[in-house]
Amino acid sequence: MEGVSATARWTAAARAVESRRPDALFTDDLAEALAGPEGFARWERYDNPGTTEFLAIRTRWLDEVIARSAHTQVVLVAAGLDTRSARLAWPAGTVLYELDQADLMEGKEKRLAELDVRHRCDRRGIGTDLTGPWDAPLRAAGWTPSVPTLWIVEGLLFYLAEDAARALLARLAALSAPGSVLAGDLLSHQSMISEFTRDGLARLRADGCPWLWGSDRPEDVLAACGWTPGEVRLPGEEGASFGRWPWPPLARDTKGLPMNYLFTAAV
3 MEGVSATARW TAAARAVESR RPDALFTDDL AEALAGPEGF ARWERYDNPG
53 TTEFLAIRTR WLDEVIARSA HTQVVLVAAG LDTRSARLAW PAGTVLYELD
103 QADLMEGKEK RLAELDVRHR CDRRGIGTDL TGPWDAPLRA AGWTPSVPTL
153 WIVEGLLFYL AEDAARALLA RLAALSAPGS VLAGDLLSHQ SMISEFTRDG
203 LARLRADGCP WLWGSDRPED VLAACGWTPG EVRLPGEEGA SFGRWPWPPL
253 ARDTKGLPMN YLFTAAV
């Protein structure tokens with residue numbers, strides 16, 4: 003998981019790059035400082051056609067999911083260097099829990115303090131191992147199982163082996179009160195075998211943060227893990243383009259081309 007945490011700087015750099023655009027889908031004034039030189043080096047190393055566009059679309063899409071939500075408990079699972087606590091408008095009473103590796107969270111808290119960041123909700127950062135019993139520290143921080151939760155699982159599942167990813171999704175469902183919602187992204191299996199991703203996957207493996215799993219049937223994965231699928235969108239489809247995706251959306255049964263799914267689900 004340490005390599006996965008390191009990619010948080012990459013996605014922060016991608017948010018900084020998006021924020022510089024005159025037609026930016028969002029503005030993240032903290033992203034550049036959080037990314038640092040390492041983040042921009044990784045962004046250059048991993049940037050393939052469609053990658054930065056997808057990261058921008060994913061961020062905006064999840065921003066909108068959060069904006070539509072009435073949940074007072076929101077949990078960012080593998081929060082990385084996310085800054086939504088400071089850049090989004092949150093309803094009064096919202097508690098935002100951020101989960102990630104302890105070393106990443108410790109460094110993030112220090113950097114946020116140095117930047118004198120003012121959060122717009124009750125934010126609680128929790129350092130924990132997401133492959134272990136992470137719900138215990140979440141409860142200790144004040145999370146209440148009986149209250150419906152909005153879970154955000156962004157940029158994580160494809161870094162996990164299939165068994166671990168499914169176990170995490172099932173654990174989230176088991177912990178969720180009725181009315182809870184899950185939102186995130188899932189890589190397609192085609193992305194794992196496509197000739198167009200071969201070089202990028204090799205670079206990720208060399209850097210200790212390989213992509214391990216994807217599925218061409220996201221609805222089936224969610225249902226098998228205890229969730230009722232809601233929206234499932236490919237970049238470029240209505241509601242998941244924002245004028246940024248440069249190609250027509252692919253048909254779901256397309257073979258040999260990489261795809262990423264954005265999804266919501268409920269219990």
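Residue numbering for the sequence shown follows this note's numbering, starting at 3 and increasing by one per position.
Beta carbons: idealized from backbone N, C-alpha and C, even for Gly.
Just so you know, the alpha carbons of M107 and A167 end up roughly 21 Å apart. Taken through DSSP and simplified to helix, strand or coil, F56 comes out as helix. Pairing S148 with D105, the inter-Cα distance amounts to about 30 Å. If you look at D187, you'll find it in the beta strand (DSSP E) that goes 183-189. Beta-carbon to beta-carbon, L264 and W12 are separated by about 19 Å, too far to satisfy the 8 Å threshold. Between the alpha carbons of D124 and G144 lies a distance of about 11 Å. Comparing C-alpha distances from A81 to each of Y48, L98, P39, R70 shows the shortest one belongs to L98. Setting aside the 5 residues that flank it on each side, L188 is surrounded in the same chain by L159, F160, G216, S217, P220, V223, N262, Y263, F265, each with a C-beta closer than 8 Å to its C-beta; the list follows chain order. Here A72 has P93 as same chain residues with Cβ atoms under 8 Å from its own Cβ, once five neighbours each way along the sequence are excluded. Bounds of the alpha helix (DSSP H) holding G109 are 104-116. Under the three-state reduction of DSSP, A172 is assigned to helix. DSSP, read as helix, strand or coil, puts E156 in coil. Counting along the chain, the unbroken beta strand (DSSP E) around V79 starts and ends at 75-79.
In the DSSP assignment, P24 falls outside any alpha helix (DSSP H), carrying neither H nor E. When DSSP states are grouped into helix, strand and coil, L224 belongs to the helix group. Per the coordinates, the alpha-carbon of P237 lies some 31 Å from the alpha-carbon of R126. At the C-beta level, L184 and W153 come within 7 Å of one another. Taking a C-beta distance under 7 Å as the contact criterion, V67 and A88 do not qualify as a contact pair. Using a 10 angstroms sphere on the CB of W249, the tally of other CB atoms stays under 16, which defines it as exposed. The C-beta separation of A268 from W213 comes to about 27 Å, leaving the pair out of contact by the 8 Å criterion. A residue is called buried once 16 or more other Cβ atoms fall within 10 Å of its Cβ, and G134, having fewer, is exposed.
Cα atoms of L170 and P51: separation of roughly 30 Å, rounded to the nearest angstrom. Beta-carbon to beta-carbon, V155 and G202 are separated by about 22 Å, too far to satisfy the 8 Å threshold.
Only exposed fits D25, as fewer than 16 other CB atoms lie within 10 angstroms of its CB.
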